[in-house]
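In the order they appear, the protein sequences are chains A and B.
Mapped onto this note's numbering, the consecutive letters of the first sequence carry residue numbers 142 to 575.
Mapped onto this note's numbering, the consecutive letters of the second sequence carry residue numbers 142 to 575.
By construction, the Cβ of each residue, glycine as well, lies at the ideal position given by its N, Cα and C atoms.
All figures in this text were calculated on a predicted structure; none of them were measured in a lab.
One structure is given below, encoded as structure tokens.
2 protein chains.
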Amino acid sequence: MPIEIRQWSSLADAARTTLLARPALAGGQRIRSDVRAILAEVRRNGDGALREFGRKFDKVELRGFEVSRAEKQAAQTCMPDVAVAAIDTAIANVTRFHEAQRPLPIDIDTMPGVRCERVSRPIDSVGLYVPAGTAPLPSAAIMLAVPARIAGCPTRVLCTPPRPDGFADPAVVVAATRAGIERIFKIGGAHAIAAMAYGTKTVPKVSKICGPGNAWVTCAKSLVASDPAGAAIDMPAGPSEVMVIADASAKAAFVAADLLSQAEHGADSQVLLLTTCESLAKAVQSELDVQLASLARRDITARALEHARLVVVDSLETAVAISNDYAPEHLVLQCRNARDLLPHVRNAGSVFLGEWTPEAVGDYCSGTNHVLPTYGYARNYGGLGVDHFLRHMTVQELSREGLARLAPTVVTLAGLEGLDAHAAAVRVRLEHTP
Amino acid sequence: MPIEIRQWSSLADAARTTLLARPALAGGQRIRSDVRAILAEVRRNGDGALREFGRKFDKVELRGFEVSRAEKQAAQTCMPDVAVAAIDTAIANVTRFHEAQRPLPIDIDTMPGVRCERVSRPIDSVGLYVPAGTAPLPSAAIMLAVPARIAGCPTRVLCTPPRPDGFADPAVVVAATRAGIERIFKIGGAHAIAAMAYGTKTVPKVSKICGPGNAWVTCAKSLVASDPAGAAIDMPAGPSEVMVIADASAKAAFVAADLLSQAEHGADSQVLLLTTCESLAKAVQSELDVQLASLARRDITARALEHARLVVVDSLETAVAISNDYAPEHLVLQCRNARDLLPHVRNAGSVFLGEWTPEAVGDYCSGTNHVLPTYGYARNYGGLGVDHFLRHMTVQELSREGLARLAPTVVTLAGLEGLDAHAAAVRVRLEHTP
Numbered sequence: 142m143p144i145e146i147r148q149w150s151s152l153a154d155a156a157r158t159t160l161l162a163r164p165a166l167a168g169g170q171r172i173r174s175d176v177r178a179i180l181a182e183v184r185r186n187g188d189g190a191l192r193e194f195g196r197k198f199d200k201v202e203l204r205g206f207e208v209s210r211a212e213k214q215a216a217q218t219c220m221p222d223v224a225v226a227a228i229d230t231a232i233a234n235v236t237r238f239h240e241a242q243r244p245l246p247i248d249i250d251t252m253p254g255v256r257c258e259r260v261s262r263p264i265d266s267v268g269l270y271v272p273a274g275t276a277p278l279p280s281a282a283i284m285l286a287v288p289a290r291i292a293g294c295p296t297r298v299l300c301t302p303p304r305p306d307g308f309a310d311p312a313v314v315v316a317a318t319r320a321g322i323e324r325i326f327k328i329g330g331a332h333a334i335a336a337m338a339y340g341t342k343t344v345p346k347v348s349k350i351c352g353p354g355n356a357w358v359t360c361a362k363s364l365v366a367s368d369p370a371g372a373a374i375d376m377p378a379g380p381s382e383v384m385v386i387a388d389a390s391a392k393a394a395f396v397a398a399d400l401l402s403q404a405e406h407g408a409d410s411q412v413l414l415l416t417t418c419e420s421l422a423k424a425v426q427s428e429l430d431v432q433l434a435s436l437a438r439r440d441i442t443a444r445a446l447e448h449a450r451l452v453v454v455d456s457l458e459t460a461v462a463i464s465n466d467y468a469p470e471h472l473v474l475q476c477r478n479a480r481d482l483l484p485h486v487r488n489a490g491s492v493f494l495g496e497w498t499p500e501a502v503g504d505y506c507s508g509t510n511h512v513l514p515t516y517g518y519a520r521n522y523g524g525l526g527v528d529h530f531l532r533h534m535t536v537q538e539l540s541r542e543g544l545a546r547l548a549p550t551v552v553t554l555a556g557l558e559g560l561d562a563h564a565a566a567v568r569v570r571l572e573h574t575p
Numbered sequence: 142m143p144i145e146i147r148q149w150s151s152l153a154d155a156a157r158t159t160l161l162a163r164p165a166l167a168g169g170q171r172i173r174s175d176v177r178a179i180l181a182e183v184r185r186n187g188d189g190a191l192r193e194f195g196r197k198f199d200k201v202e203l204r205g206f207e208v209s210r211a212e213k214q215a216a217q218t219c220m221p222d223v224a225v226a227a228i229d230t231a232i233a234n235v236t237r238f239h240e241a242q243r244p245l246p247i248d249i250d251t252m253p254g255v256r257c258e259r260v261s262r263p264i265d266s267v268g269l270y271v272p273a274g275t276a277p278l279p280s281a282a283i284m285l286a287v288p289a290r291i292a293g294c295p296t297r298v299l300c301t302p303p304r305p306d307g308f309a310d311p312a313v314v315v316a317a318t319r320a321g322i323e324r325i326f327k328i329g330g331a332h333a334i335a336a337m338a339y340g341t342k343t344v345p346k347v348s349k350i351c352g353p354g355n356a357w358v359t360c361a362k363s364l365v366a367s368d369p370a371g372a373a374i375d376m377p378a379g380p381s382e383v384m385v386i387a388d389a390s391a392k393a394a395f396v397a398a399d400l401l402s403q404a405e406h407g408a409d410s411q412v413l414l415l416t417t418c419e420s421l422a423k424a425v426q427s428e429l430d431v432q433l434a435s436l437a438r439r440d441i442t443a444r445a446l447e448h449a450r451l452v453v454v455d456s457l458e459t460a461v462a463i464s465n466d467y468a469p470e471h472l473v474l475q476c477r478n479a480r481d482l483l484p485h486v487r488n489a490g491s492v493f494l495g496e497w498t499p500e501a502v503g504d505y506c507s508g509t510n511h512v513l514p515t516y517g518y519a520r521n522y523g524g525l526g527v528d529h530f531l532r533h534m535t536v537q538e539l540s541r542e543g544l545a546r547l548a549p550t551v552v553t554l555a556g557l558e559g560l561d562a563h564a565a566a567v568r569v570r571l572e573h574t575p
């Protein structure tokens, strides 16, 4: 059954809200209690719990969790040269774009004798999670490992689920290793998050965990982030999504291909088209059918298309306004003057300008990061970058003269707040005779 | 009873851990269920719930929550000139330091024909929370409002508890107004967080909530942050804390004054001294007694001192290592060559160098932000800055030639991941004949 084409101008407010509502995240309460039990068990039994969950969820009995040097060499050997070259090209582009994100230190005198600085420090230890699920994701290893290496985090570990044969996916191993990860563990799911957040005999405890994952992984990340003994996380997450805005100049085949490449990620993926051109919407509707038929993952993709949206709008301005409300993870602009729309785009994770920029290039190798805010979080989060692996620390240094200059302000404000020890800490210094 | 002086080198590992353990955050479960009920009630009854909680918690019946133009004028009129001047000096210094934090856009070609950019967008709407508690905090209004103004967030609202007479604290009103806040609401506690996260008839819904608060406010922030329908938050929070590292050159009176100015914040504040000089530790011990006696808030301060720590260490290197483990919110270095230690400081919110830099200057007006990571969160979070009110958005634009150059990489990586619609989105473009 073809996806219905809707006319935005004919919809009432409530219908518009429903049309753009994201699917509710299912199973919240049950997943939460399952994940709580997993976290508790890993804290209690460490490696023993990891072994038990590996048997239960990954159906595999591992002798050791860590990918050995021999396994890394075997992965490298079995990988075709063309694959290694593709991995290296992706690493090079992602490195170029993320190198440019290193923050410059700030060092200014806000007043004579009052020096204020902002310096950056890498997070001491970070844990990267690369899911496997329906497909292994070497690209995720690159997107996580490169910014962590550029930030200079001294300890960088990566967890990824083992295959049924007990090996890690070789492409993930090769990509992670070439992107600077030394320790890779074959642990997947909520128990991998638990291992990195709390540490076990084998897996080091980390300060922050980054990376995508399914509902159990996402829930585990949110739980450890709210525990002071746990770890910080990159951002909350939901299913992946793309919104395409297209005018009459767009080619239906390109638009359909972008919608399908998002839809194939998973049955819960969201794909939306906003177009000013009804005939384009119809052409996309047919192209989706045609192109879908030849896809390997057509079953998953077809299920995602069940909640796809094709919407005709009266102008590109309306389309951008809808997009700003929806806040898509990926926003593809296939319009004659795509760049002219960019200044009006406020809420989106990553934007793809023009007909030669399919979303797939951002997923792999243009250089931008593919770990992006989903589920409307683009309203208040940006995508992953070097700053997620750093913290800013401020520094101040006053001379005696600087303190004397600032003293009346401190004393007056301390008086307004009734905090006289604050005033006293200034006075005791200025009253001191050397 | 004087605070015991401990010798680090004579302590076993377990005793060291205990010595540096932060006090457990009390009442977690009860607070959590109270706060859940408050959030639910505000979502259900909006302004009616706010009115009900205002009566219950603030003991005040308000006609309107919003600070009127007349109340703002009255606050400005009742404020002495010297107070307005102090507020303006603080705003000016905080503005200078935060203006320097505006991120520069990134725009590079990672390959010929592959243009990647990072641009910033202000968060559309932010809610700032200024607590009252045992003291009104105009400085907090400045620390929140200035970076939000510099980021350019179009909607900036501020909530602060009403006084029993129904007015907001005039210093908070004047500071917030002069720092660019137009809408101030007299709402405090968990229900203020609920109002901003979900919106009511009177209070606009915001995308992100920033600012300090007590255990109820902190819990409310954490709950709305984990709800996709809620709001993002600045960072998790615990009680305020300072660690002072001092050598034999330090003056006991200055060190004691800094410890006391932190201790007066609240009975749960943590203050710690690490020193290489036992006689300094003893002198600080006596100075604390002497200075405490003359403080207005000596009861609160004395209770905080009950869990203070005075520790003698064998070297400044050891002191810095302990500090990096502890990750203090404020780190004061009163050593002869304080700046030489700075490169070794990894985990701290804000650092105060040398004897003329009391922590109080950072609380008010040096220019750095006083909203800082507490409770060990300095390991993975930095203090508040302009970037908390912005998001980065990435953009890519390829030419046909750029896409052709990148195509083999996309196709190969898509093959490794079994995602053939990703490869197809590239092929369909390159096979297209115009």
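Express the C-alpha separation of residue j and residue i in angstroms, rounding to a whole number.
{"i": "Glu212(A)", "j": "Arg147(A)", "result": "53 Å"}
{"i": "Leu560(B)", "j": "His406(A)", "result": "8 Å"}
{"i": "Gln403(B)", "j": "Arg237(B)", "result": "25 Å"}
{"i": "Thr266(B)", "j": "Glu542(A)", "result": "Residue 266(B) is actually Ser in this sequence, not Thr. Taking the straight line joining both Cα atoms gives about 40 Å."}
{"i": "Val453(B)", "j": "Ala226(A)", "result": "56 Å"}
{"i": "Cys418(A)", "j": "Arg157(A)", "result": "19 Å"}
{"i": "Met284(A)", "j": "Trp357(A)", "result": "21 Å"}
{"i": "Gln217(A)", "j": "Asp375(A)", "result": "30 Å"}
{"i": "Pro484(B)", "j": "Val260(A)", "result": "10 Å"}
{"i": "Ala108(B)", "j": "Ala273(A)", "result": "One cannot answer for residue 108(B) here, as it falls past the ends of chain B, which runs 142 to 575."}
{"i": "Ser427(B)", "j": "Pro143(B)", "result": "8 Å"}
{"i": "Asn234(A)", "j": "Thr359(A)", "result": "28 Å"}
{"i": "Val583(B)", "j": "Pro277(A)", "result": "In the structure as shown, chain B starts at 142 and stops at 575, and residue 583(B) therefore has no counterpart that could be examined."}
{"i": "Val578(B)", "j": "Tyr518(B)", "result": "Residue 578(B) lies beyond the residue range present for chain B, which begins at 142 and ends at 575; the question has no answer from this structure."}
Could you give the residue range of the beta strand (DSSP E) that holds residue i?
{"i": "Ile146(B)", "result": "Ile146 to Gln148"}
{"i": "Phe194(B)", "result": "Phe194(B) -> not in any beta strand (DSSP E); alpha helix (DSSP H) instead, spanning Gly169 to Phe194."}
{"i": "Ser491(A)", "result": "Ser491 to Leu494"}
{"i": "Thr416(B)", "result": "Gln411 to Thr416"}
For residue i, which residues does DSSP report across the bridge?
{"i": "Cys351(B)", "result": "Leu269(B)"}
{"i": "Phe326(B)", "result": "Glu207(B) and Cys300(B)"}
{"i": "Ile247(A)", "result": "Arg259(A)"}
{"i": "Gln475(B)", "result": "Ala387(B)"}
{"i": "Ile374(B)", "result": "Ile350(B)"}
{"i": "Met142(B)", "result": "Bridge partners of Met142(B): none, in fact."}
{"i": "Gln537(A)", "result": "Cys257(A) and Phe493(B)"}
Would residue i count as contacting chain A if we go by Cβ distances under 7 Å?
{"i": "Asn355(B)", "result": "no"}
{"i": "Cys219(B)", "result": "no"}
{"i": "Ser491(B)", "result": "yes"}
{"i": "Asp561(B)", "result": "yes"}
Please state whether DSSP places residue i in a helix, a strand or coil.
{"i": "Ile264(B)", "result": "coil"}
{"i": "Arg487(A)", "result": "coil"}
{"i": "Met220(B)", "result": "coil"}
{"i": "Ile450(B)", "result": "Correcting the residue identity first, residue 450(B) is Arg in this sequence and not Ile. Strand at Arg450(B)."}
{"i": "Arg438(A)", "result": "coil"}
{"i": "Glu470(A)", "result": "coil"}
For a cutoff of 7 Å on Cβ pairs, would you count residue i as touching chain B?
{"i": "Val358(A)", "result": "no"}
{"i": "Asn234(A)", "result": "yes"}
{"i": "Arg477(A)", "result": "no"}
{"i": "Glu428(A)", "result": "no"}
{"i": "Cys506(A)", "result": "yes"}
I'd like the span of the alpha helix (DSSP H) that includes residue i, first residue to last.
{"i": "Glu542(B)", "result": "Arg541 to Glu558"}
{"i": "Gly503(A)", "result": "Glu500 to Tyr505"}
{"i": "Ser363(B)", "result": "Ala356 to Ala366"}
Report the neighbours of residue i on chain C: residues whose CB is nearer than 8 Å to its CB, in chain order.
{"i": "Asn521(B)", "result": "Given the protein chain composition of this structure (A and B), no chain C is represented."}
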